[in-house]
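Engineer: Using my numbering, read the sequence shown as starting at 27 and increasing by one per residue.
All residues carry an ideal CB built from backbone N, CA and C; glycine is no exception.
If you scroll down you'll find the structure; I have some questions about it.
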Amino acid sequence: MAIELLSIFSILTGGSLLVSIGGIRGWGAPALGFIVGMAFMVILGSVQALAKVSTNPLVTLPLTLLIPLSLWAWYYQKKRIEMPFRIISTVLFLGGTALAVFGLYAVKLLNLMPDSYQYAQIGSLLESGNIDSAQPNLLLTRLLAVPLMHAPANLANEFFLRSITPLLAASTVASLAWFCRKGLQLKQVNHWTIFTLSAAAALLLLTNQFFVYNAFYVNGHLLYAALLLLITGSAWLYALDADVPKSALRLIIFFAIPALIVTRPEASLHLFIILLPVFVSTRFSPRHKAFILAVLSLSIIAWNGFLFLKFLHAGQSAPIAVSAMLCIGIGSIAAISLFFLPLFDKISPRILPSAEIGLWMGLLVAALINPEMFFESIAATIENIIMGAGLWGYSLIILGFLFLGTLVLSNAPGRVFLRFPVTTFIPFGLLLAFLREVPYRIGPFDSFNRMFLHIAPLAILFIASSAMTAKWGLNFKQKPSENH
Numbered sequence: 027m028a029i030e031l032l033s034i035f036s037i038l039t040g041g042s043l044l045v046s047i048g049g050i051r052g053w054g055a056p057a058l059g060f061i062v063g064m065a066f067m068v069i070l071g072s073v074q075a076l077a078k079v080s081t082n083p084l085v086t087l088p089l090t091l092l093i094p095l096s097l098w099a100w101y102y103q104k105k106r107i108e109m110p111f112r113i114i115s116t117v118l119f120l121g122g123t124a125l126a127v128f129g130l131y132a133v134k135l136l137n138l139m140p141d142s143y144q145y146a147q148i149g150s151l152l153e154s155g156n157i158d159s160a161q162p163n164l165l166l167t168r169l170l171a172v173p174l175m176h177a178p179a180n181l182a183n184e185f186f187l188r189s190i191t192p193l194l195a196a197s198t199v200a201s202l203a204w205f206c207r208k209g210l211q212l213k214q215v216n217h218w219t220i221f222t223l224s225a226a227a228a229l230l231l232l233t234n235q236f237f238v239y240n241a242f243y244v245n246g247h248l249l250y251a252a253l254l255l256l257i258t259g260s261a262w263l264y265a266l267d268a269d270v271p272k273s274a275l276r277l278i279i280f281f282a283i284p285a286l287i288v289t290r291p292e293a294s295l296h297l298f299i300i301l302l303p304v305f306v307s308t309r310f311s312p313r314h315k316a317f318i319l320a321v322l323s324l325s326i327i328a329w330n331g332f333l334f335l336k337f338l339h340a341g342q343s344a345p346i347a348v349s350a351m352l353c354i355g356i357g358s359i360a361a362i363s364l365f366f367l368p369l370f371d372k373i374s375p376r377i378l379p380s381a382e383i384g385l386w387m388g389l390l391v392a393a394l395i396n397p398e399m400f401f402e403s404i405a406a407t408i409e410n411i412i413m414g415a416g417l418w419g420y421s422l423i424i425l426g427f428l429f430l431g432t433l434v435l436s437n438a439p440g441r442v443f444l445r446f447p448v449t450t451f452i453p454f455g456l457l458l459a460f461l462r463e464v465p466y467r468i469g470p471f472d473s474f475n476r477m478f479l480h481i482a483p484l485a486i487l488f489i490a491s492s493a494m495t496a497k498w499g500l501n502f503k504q505k506p507s508e509n510h
């Protein structure tokens, strides 16, 4: 129990201090802070593993707390900033968090599948300092983020932290409400309307059957969804010039990118699609675009380079996917200079539609080459999402109709940052079946079925943030630029 509390409070406090340094105040600090703290811990643990130094959680957890605390203390002293929290409110909040940890630890409610035990295996190797003995294929498929989340449990002779995934789910819901609130404040509507729409967005996610299941499921999908929400939500608020310090939004993106790369195998490729609206937006300076792409590229190179060497040391050939991503990472470093060319600004408006059309055309070509793979995957997806085999109930169908209706009938400024990851998800996800050379299958634990969770918070944020669009309808006399 002590290890559980130490882990949760290190992550929560460290992350909250990091976002408060950026200037985020109020309840948004712990809401975002828990996910940012998780990302920071994952980055630290990954660096420890890649650098071949001790990966014991007794090293990682104190660093997760002490580094932000030191930075915050230095920043507070030098800049003389106001205290980012109130003592009484903080004590009450931490007390409530402790009670939640106690309760979740006591009920022992976990959803475990075979892949959960593979995560536990890597977590055990991290805790014992034997990560070098992990099989390369195991690291290729399970990566490091989820094992690092649960590695501290081994200190108490257990395999999983019982409260960390439910608290991550709660933080995701709270972060969704925070992003919605900050976006709606720009529309100059009354506080009651903002509260109602933000609460409705949170409840729409919280009442989603599959989201609730994943709140207790030891896997990487919930963490992926949370980090994706932070990246896209922060980019969206940044482009809208919302009442949030831009340094804080850049900091959130900075921490979320490397953590996402070691969460699931498709993240390295997916992030290029997710961040494409950022790279073509005029709201981000060339310097900031270059910095974001550098973080993405170096993270891809570090992780895939680590995997490449692991396969070589095991006397095996590295998979094509690892070698390809390593080359893409190196190539994208060279592409950073494009942001500073005048020609890039001229062609950037054509990049997003070209990329989206390219994904659909790529899927069409893949389907023509291997129609059996395509139709098997489509049939399984229909069974899972529409016929109920995926345990989504009607929630995903309803969410899809709401999203499509909002997409067609409204045109809120800056919505491309939320829209593009959702509308590119179907072709990207189906193309992954061809890349892994295995069709999707019927059942709730099919990869593609579970991946829909990644975009559910984004779709809800898109709907809620468009609710106060000035004019709805199929025809607009003047449409604001989607790229804003």
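Decide if Tyr243 is buried, meaning its Cβ has at least 16 other Cβ atoms within 10 Å, or exposed.
Structural biologist: Residue numbering aside, residue 243 sits at position 217 when the sequence shown is read from its first letter. With 16 or more other Cβ atoms within 10 Å, it is buried.
Engineer: When you compare only the Cα positions, how much space is there between Trp418 and Tyr264?
Structural biologist: For the purposes of this step, residue 418 is taken as residue 392 along the sequence shown, with counting starting at 1. For the purposes of this step, residue 264 is taken as residue 238 along the sequence shown, with counting starting at 1. Computed Cα separation, rounded: 32 angstroms.
Engineer: Between Cys206 and Phe337, what straight-line distance do the alpha-carbon atoms span, to the nearest angstrom?
Structural biologist: Translated into the one-based positions of the sequence shown, residue 206 becomes position 180. Translated into the one-based positions of the sequence shown, residue 337 becomes position 311. Rounded to whole angstroms, Cys206 to Phe337 spans 44 angstroms at the Cα level.
Engineer: Report yes if the CB atom of Ala252 is closer than 8 angstroms to the CB atom of Ser224, and no otherwise.
Structural biologist: Numbered from its first residue, the sequence shown carries residue 252 at position 226. Numbered from its first residue, the sequence shown carries residue 224 at position 198. No, Cβ-Cβ distance for Ala252 and Ser224 is not below 8 angstroms.
Engineer: Check this for me: beta carbons of Phe29 and Thr123, under 8 angstroms apart or not?
Structural biologist: Reading the sequence shown from its first residue, position 3 is the one you call residue 29. Reading the sequence shown from its first residue, position 97 is the one you call residue 123. Residue identity check: residue 29 is Ile in the sequence provided, not Phe. Their beta carbons are not under 8 angstroms apart, which means Ile29 does not touch Thr123 by this criterion.
Engineer: If you compare alpha carbons, which of Gly426, Leu230, Val199, Ile220 is closest to Leu255?
Structural biologist: The residue labelled residue 255 in the question sits at position 229 within the sequence shown. Ranking the options by Cα distance to Leu255, first place goes to Val199.
Engineer: Give me the Cα-Cα distance between Lys505 and Asn437, rounded to the nearest whole angstrom.
Structural biologist: In the sequence shown, counting from the first residue as 1, residue 505 sits at position 479. In the sequence shown, counting from the first residue as 1, residue 437 sits at position 411. At Lys505 the pLDDT is 47, less than 50, meaning the model places this residue with poor confidence; the figure from the coordinates comes in the next sentence. Cα to Cα, Lys505 sits roughly 7 angstroms from Asn437.
Engineer: Determine contact between the stretch 68-85 and the stretch 264-279, defined as no fewer than three beta-carbon pairs at a distance below 8 angstroms.
Structural biologist: Flag = no, the stretch 68-85 and the stretch 264-279 do not touch.
Engineer: What did DSSP end up calling Ser163 once you bin it into helix, strand or coil?
Structural biologist: Position 137 of the sequence shown, counted from the start, is the residue given in the question as residue 163. In the sequence on display, residue 163 carries Asn and not Ser. Looking at Asn163 - three-state DSSP - the assignment turns out to be helix.
Engineer: Can you give, in chain order, each stretch of the beta strand (DSSP E) that sits fully within the stretch 431-500 and has at least 3 residues?
Structural biologist: Listed in chain order, nothing qualifies, since the stretch 431-500 has no complete beta strand (DSSP E) run of 3 or more residues.
Engineer: Using DSSP's beta-bridge definition, name the partner residues of Tyr243.
Structural biologist: In the sequence shown, counting from the first residue as 1, residue 243 sits at position 217. Tyr243 is bridged to Asn137.
Engineer: Pull up the distance between the alpha-carbon of Tyr420 and that of Phe429, whole angstroms please.
Structural biologist: By one-based count along the sequence shown, residue 420 stands at place 394. By one-based count along the sequence shown, residue 429 stands at place 403. Going from the Cα of Tyr420 to the Cα of Phe429 covers about 14 angstroms.
Engineer: Taking the C-alpha atoms as reference points, what is the distance between Ala226 and Gln235?
Structural biologist: Against the sequence shown, residue 226 aligns to sequence position 200. Against the sequence shown, residue 235 aligns to sequence position 209. Spanning the two alpha carbons is a distance of roughly 16 angstroms.
Engineer: Report buried or exposed for Phe221, applying the criterion of at least 16 other Cβ atoms within 10 angstroms of its Cβ.
Structural biologist: As a working note, residue 221 is residue 195 in the sequence shown. Phe221 comes out exposed.
Engineer: Can you tell me whether Gly143 is buried or exposed? The criterion is at least 16 other CB atoms within 10 Å of its CB, across all chains shown.
Structural biologist: On the sequence shown, position 117 is the one that residue 143 refers to. The sequence given here has Tyr at residue 143, not Gly. The residue is exposed, with fewer than 16 neighbouring Cβ atoms inside 10 Å.
Engineer: Determine the burial state of Met27: buried for a count of at least 16 other Cβ atoms within 10 Å of its Cβ, exposed for fewer.
Structural biologist: Numbered from 1 along the sequence shown, position 1 holds the residue referred to as residue 27. Exposed, because fewer than 16 other Cβ atoms sit within 10 Å of the Cβ of Met27.
Engineer: How far does the alpha helix (DSSP H) with Asn156 in it reach, from first residue to last?
Structural biologist: By one-based count along the sequence shown, residue 156 stands at place 130. Counting along the chain, Asn156 falls outside any alpha helix (DSSP H), and DSSP gives it neither H nor E.
Engineer: So which of Thr308, Ala392, Asp141, Leu389 has the shortest CA-CA distance to Pro368?
Structural biologist: Taking the first residue of the sequence shown as position 1, residue 368 is located at position 342. Per the Cα distances, Thr308.
Engineer: Alpha carbons only, please: which of Ile486, Lys104, Pro303, Leu43 is nearest the one belonging to Ile278?
Structural biologist: Here residue 278 refers to the residue found at position 252 of the sequence shown. Minimum Cα distance to Ile278 is reached at Leu43.
Engineer: Let's see if you can read the secondary structure: which residues bound the alpha helix (DSSP H) around Pro24?
Structural biologist: Only positions 27 to 510 of the chain appear in this structure, which leaves residue 24 out of reach.
Engineer: Ordered along the chain, which non-local residues of its own chain (more than five positions away) have a Cβ less than 6 angstroms from that of Ala261?
Structural biologist: Position 235 of the sequence shown holds residue 261. Result list for Ala261: Val304, Phe443, in chain order.
Engineer: Would you kindly report the start and end of the unbroken alpha helix (DSSP H) that includes Trp53?
Structural biologist: Along the sequence shown, read from residue 1 onward, the residue named residue 53 stands at position 27. It is not in any alpha helix (DSSP H) - Trp53 carries neither H nor E in the DSSP assignment.
Engineer: So what does DSSP say about His510, is it helix, strand or coil?
Structural biologist: Translated into the one-based positions of the sequence shown, residue 510 becomes position 484. Note on His510: pLDDT 48, under 50, position unreliable in the model; no value is reported.
Engineer: In chain order, which alpha helix (DSSP H) runs of at least 4 residues are fully inside the stretch 217-302?
Structural biologist: For the stretch 217-302, whole alpha helix (DSSP H) runs of length 4 or above, ordered along the chain, are 217-232, 235-240, 247-266, 272-287, 293-300.
Engineer: Which residues mark the beginning and the end of the alpha helix (DSSP H) in which Val199 is found?
Structural biologist: Residue numbering aside, residue 199 sits at position 173 when the sequence shown is read from its first letter. That run of the alpha helix (DSSP H) goes 190-210.
Engineer: By how many angstroms is the C-alpha of Pro178 removed from the C-alpha of Asn475?
Structural biologist: Residue numbering aside, residue 475 sits at position 449 when the sequence shown is read from its first letter. Residue numbering aside, residue 178 sits at position 152 when the sequence shown is read from its first letter. Spanning the two alpha carbons is a distance of roughly 30 angstroms.
Engineer: Pick helix, strand or coil for Gln504, following the three-state DSSP scheme.
Structural biologist: Taking the first residue of the sequence shown as position 1, residue 504 is located at position 478. Confidence is the limiting factor: at Gln504 the pLDDT is only 44, short of 50, which leaves the residue's position unreliable, though a coordinate-based value still follows. Residue state, collapsed to three classes: coil.
Engineer: Please check the pair Leu231 and Ile486, which I expect to be a contact at CB under 8 angstroms, by giving their CB distance rounded to whole angstroms.
Structural biologist: In the sequence shown, counting from the first residue as 1, residue 231 sits at position 205. In the sequence shown, counting from the first residue as 1, residue 486 sits at position 460. Confirmed, about 6 angstroms.
Engineer: Residues in its own chain within less than 7 angstroms of Phe460 by CB, not counting five upstream and five downstream?
Structural biologist: To locate residue 460, count along the sequence shown from 1; it is residue 434. Only Ala392, Asn396, Met399 meet the Cβ criterion.
Engineer: Terminal residues of the continuous alpha helix (DSSP H) containing Asn330?
Structural biologist: Within the sequence shown, numbered from 1, the residue matching residue 330 stands at position 304. From DSSP, the alpha helix (DSSP H) with Asn330 extends over 312-339.
Engineer: With distance defined between alpha-carbon atoms, name the residue in Lys213, Ile452, Tyr102, Ile300 nearest to Ile575.
Structural biologist: Outside the modelled stretch of the chain, which goes from 27 to 510, sits residue 575, for which no answer is possible.
Engineer: Report the residue from Pro284, Val448, Phe334, Ile356 whose alpha carbon sits nearest the alpha carbon of Phe478.
Structural biologist: Position 452 of the sequence shown holds residue 478. Per the Cα distances, Val448.
Engineer: Report the three-state DSSP secondary structure of Ser80 (helix, strand or coil).
Structural biologist: Here residue 80 refers to the residue found at position 54 of the sequence shown. Ser80: coil per DSSP, three-state reduction.
Engineer: Report all residues from its chain with a CB closer than 7 angstroms to the CB of Leu138; omit the five preceding and five following residues, and keep chain order.
Structural biologist: Taking the first residue of the sequence shown as 1, we reach residue 138 at position 112. Here the set comprises Val244.
Engineer: Would you decide whether Val127 is buried or exposed? Buried here means 16 or more other CB atoms lie within 10 Å of its CB.
Structural biologist: The residue labelled residue 127 in the question sits at position 101 within the sequence shown. Classification of Val127: buried, given that the 10 Å Cβ count is 16 or more.
Engineer: Where does Phe281 land, buried or exposed, given buried means 16+ other C-beta within 10 angstroms?
Structural biologist: On the sequence shown, residue 281 is found 255 positions in, with the first residue counted as 1. Phe281 comes out buried.
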